[in-house]
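Report on the structure given below.
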């Protein structure tokens, strides 16, 4: 594993946001949702494609806070433009579980 320094870590903008909208993404190659996340006043609402359908229904995701990388370049995923990366961890079968704060925090709060 390559080591990074503090300056490298600070370049990655990890922010918390609240999921405000979820739609099916039938055009995706792997099962996924289209997800809109409110990242607070400074960043606004951003969208992402998320391969999280195994552990989460659309209803389970609404109003859930998630940790997102907000400073990656936008990525075209089929017909959908993903603006952020919603973070998570793979379970023993490779299915993603979301990285979430254990208490509510203000949207846009930075991970330290």
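In the numbering used here, the protein residues as written are 381 to 492. Each residue gets a CB set at the ideal place from its N, CA and C atoms; glycine is no exception. Keep in mind it's a predicted model, so treat the numbers as computed, not measured.
Identity of the residues DSSP links to residue i by a beta bridge
i: residue 418; result: 398 and 425
i: residue 463; result: BP columns for residue 463 are empty, so no partner.
i: residue 404; result: 413
i: residue 478; result: 468
Check whether residue i and residue j have beta carbons under 7 Å apart
i: residue 416; j: residue 400; result: yes
i: residue 447; j: residue 479; result: yes
i: residue 461; j: residue 468; result: no
i: residue 490; j: residue 409; result: no
i: residue 419; j: residue 427; result: no
i: residue 465; j: residue 452; result: yes
Residue environment, residue i, which counts as buried when at least 16 other CB atoms sit within 10 Å
i: residue 412; result: buried
i: residue 383; result: exposed
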